[in-house]
Amino acid sequence: RSPPSNSSAASDVYKRQRLSIENGSKQQRIGARGERLARLYLRLHGYRILRRNYRVAHKEIDIIAKKGSTVAFVEVKTALDSKELPPMLRVGSAKRANMAYAAKYFAANYRQKAVYYRFDIIEVILSEHKIRHIENAFTI
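Positions 5 to 144 (this note's numbering) are the ones given, in order, by the sequence shown.
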């Protein structure tokens, strides 16, 4: 996969991100794989990826995607198999609050009219090759 732009600085950031994931823990590699699959799933279902790993003040949203007039703030939870705690149950109140904080910042700076916002969760179960997209998974 190629870097997001031709600039040297962007290329360096891209290389550092790739190296940190490749050299990261097993859980980080599993999470990165799940996020890649989730982005592919969203694209195949008509979404345009606006941002990935969007961070504001140490708060992160895995994917920000748009379809029609709706912007989805997506948390991706990946599990090796279905014996683990269901991924959706791993999105607790603290994570939801962090996502809401980052989403408010994004929305305040997003320059599109007539946009609706929602919070989604995508569950990826690797052993079963299963992806479940839960739209409007929670509200704030």
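Note that beta-carbon positions come from the ideal geometry of N, C-alpha and C, so glycine has one too. Values in this document were obtained by computation on a predicted structure and should not be read as measured data.
Contact holds between the stretch 76-89 and the stretch 117-132, because three or more Cβ pairs, one in each stretch, are under 8 Å apart.
Within 10 angstroms of the beta-carbon of A101 lie fewer than 16 other beta-carbons, which makes it exposed.
In the structure shown, the three-state DSSP call for E132 is coil. A straight line joining the alpha-carbon of R52 with that of K87 spans about 32 Å.
Excluding the 5 residues flanking it on each side, L84 has same chain C-beta neighbours closer than 7 Å at I34, L130 and S131, in chain order. D124 is bridged by DSSP to V78. The beta carbon of V95 sits closer than 8 Å to the beta carbons of E79, K81, I125, A141 and F142 from its chain, once the five residues preceding and following it are set aside; these are given in chain order.
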